[in-house]
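Chemist:
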Amino acid sequence: MEWHHDCRGDDSMPTTRRLRIFSEDAIFTDFYVVPILPSSTENVSLLGKLKDDKAVDYQLLSRWHKVCSASHESCQEHQKKGSYPFKHPVRFIDVNTMRLCEIDVNVSPVKYAALSYVWGRQTTDKTPFTLLLVSNLHELLQGLPREGIPNTIRDAITVVREIGIGYLWVDALCIMQNSSEDKNEQIASMSQIYQQATLSICAAYGSNSFTGIPGVSSTPGRLRQNVEVYKEIPLTTMRPVAAIVGASTWDTRAWTFQERLLSTRCAIFTADGMIWQCPTTTWREDIESSLNKPAWTLDSVASPLQALQGNPLRSYINCVNIYSGRLLAFPEDKLVAFIGLSQVLGRGLSSKVEHGIPLRYLDWALLWEPESLTQRIETRENWPRPWEPESSGQRIEASENLGLVSWSWCGWQRKVNWRYSTVEGTLFNLHNWLTEHTWIVWYLGDGEKWSLAWDASEDAEPASSLQRWDGYSPGPYDFYGRSRDAIRCRNKRRLSIDGTFDEDDEEDEEDLVLSKSRRPGKGFLLFQTFTSWFTLSLKIHSKKTDVGKGLRRFGLTDKLGDWCGAVVLDTKWFDNVGGIFEFAAISDAKEFSFEELDTWNYYIPEERQQAEWYCFYALMLRWNEDENGESVAERVGLAKIYQSSFLSRSIQPCSWKTILLG
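Under UniProt numbering, the letters of the sequence shown match residues 1 to 662, in that order.
#1: When the Cα of L367 is compared with those of E630, F616, V90, which residue comes out closest?
#2: Please identify the residue among M190, L47, N417 whose C-alpha is closest to the C-alpha of I233.
#3: Count the other CB atoms, across all protein chains shown, that sit within 10 Å of the CB of Q343; report buried if there are 16 or more and exposed otherwise.
#4: Measure from the alpha carbon of T280 to the alpha carbon of each residue in D286, T264, E288, then state which is nearest.
#5: Can you grab the Cα-Cα spacing for the pair N417 / D562, in whole Å?
#6: Report yes if the C-beta distance between F92 and P150 is below 8 Å; otherwise report no.
#7: Provide the residue span of the beta strand (DSSP E) that contains R482, from first to last.
#8: What span of residues does the alpha helix (DSSP H) with A70 cover, start to end?
#9: Measuring straight from C-alpha to C-alpha, what distance separates E381 and G120?
#10: Using C-beta distances below 7 Å, list every residue in its chain close to L495, excluding the 5 sequence neighbours before and after it, in chain order.
#11: Looking only at its chain, what residues have a beta carbon closer than 7 Å to the beta carbon of R224, apart from the 5 residues adjacent to it on each side?
#12: Check this for me: beta carbons of A156 and L168, under 8 Å apart or not?
#13: Cβ atoms of L173 and L137: under 8 Å apart, would you say?
#14: By Cβ distance below 7 Å, which residues in the same chain neighbour residue 663 in space, the five residues on each side in sequence not counted?
#15: Residues bridged to G565 by DSSP?
#16: Count the other CB atoms within 10 Å of the CB of I287; is the residue buried (16 or more) or exposed (fewer)?
#17: What three-state label does DSSP hand A204 in the structure shown?
#18: I'd like the list of long-range same chain contacts for S532, defined as Cβ closer than 7 Å, with 5 residues on each side in sequence excluded.
#19: What residue range is occupied by the uninterrupted beta strand (DSSP E) comprising P234?
#20: Contact defined as beta carbons within less than 8 Å: I believe L373 pairs with L551. What is the distance between those atoms, to the nearest angstrom?
#21: From this set, A188, V95, R347, which residue's C-alpha is nearest residue 741's C-alpha?
#22: Could you tell me the distance, in whole angstroms, from the CA atom of M1 to the CA atom of Y117?
#23: Can you give me the Cβ contacts of S631 inside the same chain, cut-off strictly under 8 Å, excluding the 5 residues immediately before and after it?
#24: Run through DSSP, which three-state label would L359 get?
#25: Below 6 Å CB to CB, which residues in the same chain sit around I36 once its five sequence neighbours on both sides are set aside?
#26: As a quick exercise: from R63, E181, L444, pick the residue whose alpha carbon is nearest that of L405.
#27: Tell me the rounded alpha-carbon separation between I357 and L345.
#28: Keeping to the same chain, check which residues put their C-beta closer than 7 Å to that of R83; ignore five residues upstream and five downstream.
#29: Just verifying my parser: in three-state terms, what is the DSSP assignment at C101?
#30: Closer than 8 Å is the cut-off here; do at least three beta carbon pairs connect the stretch 60-72 with the stretch 261-278?
#31: Just curious, the beta strand (DSSP E) that W439 is in, first and last residue?
#32: Along the beta strand (DSSP E) that carries residue 663, what are the first and last residues, could you check?
#33: Do you know offhand how far D546's Cα is from S217's?
#34: Do you know how far the Cα of K415 is from the Cα of Q528?
#35: Does the structure place the stretch 326-343 close enough to the stretch 182-191 that three or more beta carbon pairs sit under 8 Å?
#36: State yes or no: is the C-beta of A486 within less than 8 Å of the C-beta of W439?
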């Protein structure tokens, strides 16, 4: 056990300590021991207080909401960032008349709450889940049915009504579930819906929408508060907020991660009680807090809201790392469940985000790697909703394939990250790396035509003064702002017999222009670069081969059998050791980190300064045929390979190639 100091804020605020009880072996969940405040007073805060074990304290929730709305400047600023006009009317539940309504909020703004919850699968023979469909819109505009509204939605309506908010947005009843057009419009507005909501009701209890919210109406589930008296001092125990929320099914879902981060204010309902989280502070029902002087407390530890603070690129990395590990009932929703958050992240990066990737940083964003065993996401044309019995016969139209491509992390299941040991060399000055050490002109297909993946005219200039973290910027020599030296890579097209490049070759885009006649599949990348062939090997020069659950770092060997690089793949690739695979160089890599190479190798110059960027980042490719018989490459993994080996010791001759990457 250990003492933790609580509260960081105004020096005039009283502080306290909490006794943390924990197990280094994780035998039990950490918890705090906190003295209970004898009676409410303005002079003492951050002590425990008694709470009702059966009912939600609506007056407290209302006070939290009013104080935050009136005095938290950072929360007001967060809400303003989402104040973009809606492109269409928005549907809400009128909690007083209990009917659906359509409101043009650009003309008639209304104060509303939004619900974040787990849909889940119905486990008993209850009335089917009522959804908004094209066929019942008129009926729901007249009034909601008495049956078929899940308990969680009914309880959320009660909460919103009790604290004086007139409208509630709920996806199941405010988006037409069998209209692709309506779904696409509403999903595209997800960032505005949650940011502009005055409050988000987060139902972090139970595994489906029929569970309800503990302490609302007659819904049970609130845990009894533990109170013991020691030497006339009443004490209570409580779990950290992060542990309470983290143990919920709600906190494992991908959709709810986006909803929580987009929300300006969250009232999180759990079995342990009610929790308030906003960009300014965290409050909880069983702690007496000074509402007039918001401050950082122990309850703010590990709040995901921190993921959106600070450096915009780091915010993007943190969000993708957390989101990519979340669960989806339908994996093919991985991209659409990220659209709202990608809009917010894109504004911070001054970049358009497509397929989960900020295009202003495309060369760098391609350097992601999995953290555990992964597999491609397969799309399905039609699927039943999870709460529907398979025998119901009702089918809900799925969204079109939104580009679950192999080059994006969105095309794969499991958690991903930008491994520091892999990208370390790019981070000293990312903008300089993009300018001096990348060369590919990327074209992106939208299903109808090819366009430059990044178009300077579509993005605003970065607002950040941290120029080293900026992405591409317009330049005189290249669409992506590369230097003259960097674009000379594209002139190095033809290889002589001895494997050296003809430096006098002039750049010629003719073959790329011809290749642009190829079908512009949605989300496909079209580009030209060097490709070489190497043998997958168990030969490694690092003691750390296990880089994640189900993953291993494999070695690569050249035509002489010498080790020349490494790639992280699923352990199932053991069966392919000894096979020869194609790799496409996509950018310069500075060197191998000690984690990747902890022994000297003759490829490394004795004076490293002589050739600081002597490796390539390269995509390991696997070729498939699409339905039209066209060869399309699939990304298998990310490798780091010595340039000298790549250019002169490839098992098959190194060549300049046009690649269609799906």
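Beta carbons: idealized from backbone N, C-alpha and C, even for Gly. Note that this is a predicted model, so its numbers are computed, not measured.
Modeler: On the basis of the supplied data:
#1: Among E630, F616, V90, the Cα nearest to that of L367 is on F616.
#2: It is L47 whose Cα lies nearest to the Cα of I233.
#3: Flag for Q343 reads buried.
#4: The option with the nearest alpha carbon to T280 is T264.
#5: Each residue's alpha carbon lies about 29 Å from the other.
#6: For F92 and P150, no; Cβs fall outside 8 Å.
#7: Element bounds for R482: n/a, residue is neither H nor E.
#8: Run containing A70: 58-71, per the alpha helix (DSSP H) assignment.
#9: Note that E381 scores a pLDDT of 46, beneath 50, so its modelled location is shaky; the value from the coordinates is reported in the next line. Cα to Cα, the separation comes out at about 21 Å.
#10: Bear in mind that a pLDDT of 45 at L495, under 50, signals an unreliable position, so the model cannot answer this.
#11: Within the same chain, R224 has close Cβ partners D53.
#12: Yes, the pair counts as a contact, with Cβ atoms nearer than the cut-off.
#13: No, these two residues do not count as a Cβ contact at 8 Å.
#14: Lying outside 1 to 662, the shown extent of the chain, residue 663 is not represented and no answer is given.
#15: Looking at the DSSP assignment, G565 forms a beta bridge with L556, I641.
#16: Flag for I287 reads buried.
#17: Correct three-state label for A204: coil.
#18: Same-chain partners within the cutoff: F583, F646, S650, C654.
#19: Taken as a continuous stretch (DSSP letters only), the beta strand (DSSP E) holding P234 covers 233-238.
#20: Contact check for L373 and L551: beta-carbon distance about 7 Å, within the 8 Å limit, so the pair qualifies.
#21: The chain is shown from 1 up to 662; residue 741 falls before or after that span and cannot be answered.
#22: About 35 Å.
#23: Taken in chain order, the residues that qualify are W623, N624, E625, L660.
#24: L359 sits in a helix when the DSSP states are folded into three classes.
#25: Taking C-beta separations shorter than 6 Å and ignoring five residues to either side along the sequence, the partners of I36 in its chain run G48, P234, T236, following chain order.
#26: The sequence given here has Val at residue 405, not Leu. Among R63, E181, L444, the Cα nearest to that of V405 belongs to L444.
#27: For I357 and L345, the distance between alpha carbons rounds to 10 Å.
#28: For the record, residue 83 in the displayed sequence is Ser; it is not Arg. Around S83: Q196.
#29: In the three-state reduction of the DSSP assignment, C101 falls in the strand class.
#30: Short answer: they touch.
#31: Counting along the chain, W439 sits inside no beta strand (DSSP E), nor does DSSP assign it H or E at all.
#32: The first residue shown for the chain is 1 and the last is 662, placing residue 663 beyond what the model contains.
#33: Taking the CA atoms as reference points, D546 sits about 51 Å from S217.
#34: Rounded to the nearest angstrom, the two C-alpha atoms are 29 Å apart.
#35: Flag = yes, the stretch 182-191 and the stretch 326-343 touch.
#36: In terms of Cβ geometry, A486 and W439 form a close pair [threshold 8 Å].
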